[in-house]
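Scroll down for the structure; my scribbles are underneath it.
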DNA sequence: TCAATGCAGATTGTCTGACAGCTTTTGTCG
DNA sequence: CGACAAAAGCTGTCAGACAATCTGCATTGA
């Protein structure tokens, strides 16, 4: 495992590292939605040539987290209310599917891993450390996606998560939301443990729908506030 | 409309044209799965510099229709039996969703367009012209994806269609399959016309499952034949 | 004063040439 | 015949250059 990661990082081409760095920078809010990404600045900032930067940008563009306009260059993608609504809809669909597959075909070991992730998420929430919470949530979703046993679902959900990341920090920091979130996640894990496919799907869908409600409400207010 | 398209094609950057050309070349079988794509050859073939080719390749890689290995270069993606099965599964899920949305929220105009597409598909099948058939099918799916009213579903399905294209020609040329295919498509359009969401979803899922059955059977035979 | 025009700066899109590094193949020697 | 070294073929990356294009600002004309 460890060596795998190390080897992966070593043999990773420069372009991939740039990709990861930029993805991280965007996810962490270092670059904000709508902000222009000027090639030369990125080159200096990262200490690499234009080739690597441009190819990395193409990749991020394909993933949808940046948008480029011809002869104007790329900007960090913004997300409209309608897009966010659509995004959460399809996310609910796919995660519901993943949950159902997990419940019906997951191994005992996978279920154990999932439950451990829930426990860690709870602990992270109690600790109040934001970074730990995000990490725990990522572990949980990673596990859930693995449970779908479907590489395409995994890939699509990863892409959706990346695009929603800018909003997700919102939906989790809303007062009272976190406690509900924990309960919903427990429901998911329980349904999976009990091998109840439809219930697992419903629990996943419910969880996303709740998150969507909060995020969309926030988005609605903020987009009308700043015309 | 026309001017829009013309302007779009004019202002398209070279890179995008290369993308489209390569996508087409792969979809049409000009480049076969597993085949290496050597940069210099592509440059000569297309008459463009390495920059444009490499950036286009990154895009196609992100879409999954080519795969690159570090320091070895890109090859046209191959698809294993398991991957194909997963692909059809998620496609059934998404198209089922699209069909349901269409039935429940599609406009009368959209339904009329869909029905026209069905008629054209039938005519194309009767004509026996392969190209016309493929075009008709694409129109039908385009219409169906629009009906989902969800840009993400549309994008994901487009990507899946691209990746499945190499197999799709198979599943449609199987003897007897085409007649069934027409019937299934009619079922879909009927369910949508009658505003029956669940039935539309089921019809879409059934259609894909049938296509999957044929394609997977073919794939199973061919992959075990050529070790 | 204000709108239209036009120029200058900034940035992207693309090409060329170059070179190191990794893979694969070839060739040679024990 | 096998191992090891040399060579060839590509990719990954950089730097520099230049045309095309966008944008903001200044100039000009009504």
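Chains as they are written, first to last, in our numbering: chain A, 1 to 227; chain E, 1001 to 1227. For each residue, glycine too, the CB sits at the ideal point set by N, CA and C.
Cβ shell of residue i (< 6 Å), same chain only, five flanking positions each side left out
| i | result |
| --- | --- |
| residue 21 of chain A | none |
| residue 199 of chain A | 191 |
| residue 157 of chain A | 94 and 145 |
| residue 1159 of chain E | 1063 |
| residue 1108 of chain E | none |
| residue 148 of chain A | 98 and 101 |
| residue 1162 of chain E | 1065 |
| residue 1140 of chain E | 1117 and 1121 |
| residue 1031 of chain E | 1025 and 1076 |
| residue 42 of chain A | 53 |
| residue 1027 of chain E | 1165 |
Residue-chain proximity (residue i, chain E), Cβ-Cβ < 7 Å
| i | result |
| --- | --- |
| residue 283 of chain A | Because chain A in this structure spans residues 1 to 227, residue 283 of chain A falls outside the shown range and cannot be described. |
| residue 156 of chain A | yes |
| residue 153 of chain A | yes |
| residue 48 of chain A | no |
| residue 97 of chain A | yes |
| residue 198 of chain A | no |
| residue 87 of chain A | yes |
| residue 7 of chain A | A caution first: residue 7 of chain A carries a pLDDT of 40, below 50, which makes its placement in the model unreliable, though a value can still be read off. Chain E, which has no Cβ nearer than 7 Å to the Cβ of residue 7 of chain A, makes this no. |
| residue 90 of chain A | yes |
| residue 219 of chain A | no |
| residue 110 of chain A | no |
| residue 230 of chain A | Residue coverage of chain A in this structure runs from 1 to 227, which leaves residue 230 of chain A outside it and unanswerable. |
| residue 93 of chain A | yes |
| residue 17 of chain A | no |
| residue 20 of chain A | no |
| residue 55 of chain A | yes |
| residue 175 of chain A | no |
| residue 207 of chain A | no |
Neighbour-count burial assignment, residue i, 16 or more Cβ in a 10 Å radius
| i | result |
| --- | --- |
| residue 1029 of chain E | exposed |
| residue 1189 of chain E | buried |
| residue 38 of chain A | exposed |
| residue 1089 of chain E | buried |
| residue 201 of chain A | buried |
| residue 127 of chain A | exposed |
| residue 1071 of chain E | exposed |
| residue 203 of chain A | buried |
| residue 229 of chain A | Since the first residue of chain A shown is 1 and the last is 227, residue 229 of chain A is not available in this structure. |
| residue 1221 of chain E | exposed |
| residue 150 of chain A | buried |
| residue 91 of chain A | buried |
| residue 12 of chain A | exposed |
| residue 44 of chain A | exposed |
| residue 50 of chain A | exposed |
| residue 1040 of chain E | exposed |
Residues near residue i by beta carbon distance below 8 Å, same chain, minus five either side
| i | result |
| --- | --- |
| residue 85 of chain A | 212 and 216 |
| residue 1167 of chain E | 1079, 1084, 1215, 1218 and 1219 |
| residue 1180 of chain E | 1210 |
| residue 1196 of chain E | 1103 |
| residue 1115 of chain E | 1189 and 1193 |
Cross-strand partners of residue i (DSSP beta bridge)
| i | result |
| --- | --- |
| residue 1067 of chain E | E:1075 |
| residue 36 of chain A | A:75 |
Min CB distance residue i to chain A below 7 Å
| i | result |
| --- | --- |
| residue 1031 of chain E | no |
| residue 1003 of chain E | Reliability fails at residue 1003 of chain E, whose pLDDT of 39 lies under 50, so the model's placement of it is uncertain and the value that follows must be treated cautiously. No, no contact with chain A. |
| residue 1062 of chain E | yes |
| residue 1059 of chain E | yes |
| residue 1165 of chain E | no |
| residue 1162 of chain E | no |
| residue 1074 of chain E | no |
| residue 1150 of chain E | yes |
Own chain residues within Cβ distance below 7 Å of residue i, not counting five before or after
| i | result |
| --- | --- |
| residue 52 of chain A | 14, 15 and 18 |
| residue 1036 of chain E | 1073 and 1075 |
| residue 1106 of chain E | 1147 and 1192 |
| residue 1048 of chain E | 1014 and 1018 |
| residue 96 of chain A | 201, 204 and 205 |
| residue 111 of chain A | 192 and 193 |
| residue 125 of chain A | 133, 178 and 182 |
Near the ligand ZN: residue i beta-carbon under 6 Å from a heavy atom
| i | result |
| --- | --- |
| residue 1147 of chain E | This structure simply doesn't include the ligand ZN, nor any ligand for that matter. |
**Stretch pair the segment 1051-1068 of chain E + the segment 125-136 of chain A: three plus CB contacts closer than 8 Å** = These segments do not touch.
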